[in-house]
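I have placed the structure first, in the form of structure tokens, so that the comments after it can refer back to it.
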Ligand code: LLP
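In our numbering, the protein residues as written are 472 to 851.
The structure is reproduced here in structure tokens:
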């Protein structure tokens with residue numbers, strides 16, 4: 472069904488984020504149904520959207536939490552996630568955030584370097600605890616997605632490179648407060664070519680055998696997140712194909728008996744349930760271009776400016792014949808553009824515009840640049 476704003480929200484001051492909680496619930500039900508047969512443990516990546524009403528539904532659906540800062544660990548705990556369902560990833564974990572997560576006794580740290588393992592061991596020892604750790608390896612697999620959100624290539628800062636693995640294993644033997652429980656990898660985000668997950672699985676299979684040959688049996692494998700969504704046509708595919716996603720791992724990842732496989736999905740869970748609503752402030756025509764100037768900008772949704780990302784844009788107020796518009800925000804930056812030559816029905820000052828698929832990496836990446844107020848979030 473095409474997007475419609477509930478009537479009672481028509482006079483809500485713009486810009487604002489609208490979250491369709493019924494769609495979130497349907498997405499969570501589809502995810503649970505697809506994950507259940509293979510026994511996959513799903514951790515929701517809080518970085519995609521950390522609003523409490525959303526987190527509470529995700530937690531109630533039985534997902535765990537994937538966090539990348541002390542703030543996110545604290546938010547997950549505040550939202551009621553059990554510490555045993557929290558994982559902590561990130562290439563630069565601060566000592567304060569590690570201490571917070573150790574004190575909460577979270578399930579696992581995804582560790583990214585020899586130095587990080589040493590620090591984890593030291594801080595865990597000081598608290599009289601053991602840190603459970605999965606080694607985040609950099610598998611050197613191309614996720615075939617946008618370069619800014621590719622994370623599993625040698626050139627990226629993330630993970631332990633394969634040639635460093637022997638040194639890491641030697642180091643672990645000297646760290647009594649660190650317990651190796653798994654392998655972790657995350658190769659990128661907005662991945663729509665599912666075979667890359669097959670490639671990742673093959674790499675993990677090889678590494679697992681290599682570790683077993685050295686006496687390490689791992690109870691957990693974590694394949695990260697990254698499943699993409701349909702930004703072009705959100706209404707034809709409001710819920711991603713979770714069955715195809717898990718099916719790829721079913722076919723390619725070789726599991727040991729009793730081994731648990733974890734995934735860390737963010738975007739695929741929350742992107743489609745969020746819409747940014749904005750009003751047209753002005754329509755301005757130059758020689759070559761007709762601009763629709765919105766009251767929302769890169770301060771509310773930075774993805775188009777930062778990655779050139781496409782978001783489907785609709786004028787909810789006009790039924791007039793369509794014309795091309797450059798849809799832009801009010802911020803003093805030329806990159807503050809949501810789309811160029813977007814076909815919209817003839818657009819006028821005051822029209823309500825919906826920018827779709829904004830539930831993930833939208834509100835969380837907003838800023839107060841130009842001293843702008845934070846957009847409200849509305850839930851239905
Ligand atoms: N696990 C790790 C270790 C990650 O770094 C990420 C995302 C995820 C899981 C969740 O990935 P997802 O399932 O959401 O693709 N701001 C960018 C996306 C950055 C993703 C960063 N890492 C965007 O707006 O496209």
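Idealized CB from N, CA, C, for every residue including glycine.
Being a predicted model, the structure only gives us computed values, none of them experimental.
Where do the ends of the beta strand (DSSP E) carrying residue 824 lie? 823–826
Are the C-beta atoms of residue 474 and some chain B residue less than 8 Å apart? Absent from the structure: chain B. Only one protein chain is present.
Does the pairing of the stretch 545–555 with the stretch 764–782 give three or more beta-carbon distances under 8 Å? no
Hey, how far is the Cα of residue 841 from the Cα of residue 661? 29 Å
What whole-angstrom Cβ distance do residue 735 and residue 696 have, given they're in contact under 8 Å? 4 Å
In this structure, does DSSP put residue 750 in helix, strand or coil? strand
Which of the three DSSP states, helix, strand or coil, is assigned to residue 778? helix
Euclidean distance between Cα positions of residue 561 and residue 540: 7 Å
Leaving aside the five residues before and after residue 851 along the sequence, list all residues of the same chain whose C-beta is less than 6 Å from its C-beta, in chain order. 477
Suppose the cutoff is 7 Å on Cβ atoms and the five residues either side in sequence are ignored; what does the same chain contact list for residue 786 look like? 815, 816, 818, 822 and 824
Quick one, which of 613, 783, 534 and 625 has its alpha-carbon nearest residue 748's? 783
Are three or more beta carbon pairs between the stretch 581–588 and the stretch 634–643 nearer than 8 Å? yes
Taking its Cβ as the centre, do 16 or more other Cβ atoms sit within 10 Å of residue 644, making it buried, or is it exposed? exposed
Should residue 822 be listed as close to ligand 1, given that the test is whether its C-beta is under 7 Å from any heavy atom? no
Which residue wins for smallest C-alpha separation from residue 605, given the options 544, 742 and 675? 675
Inter-residue Cα distance where the pair is residue 755 and residue 796: 10 Å
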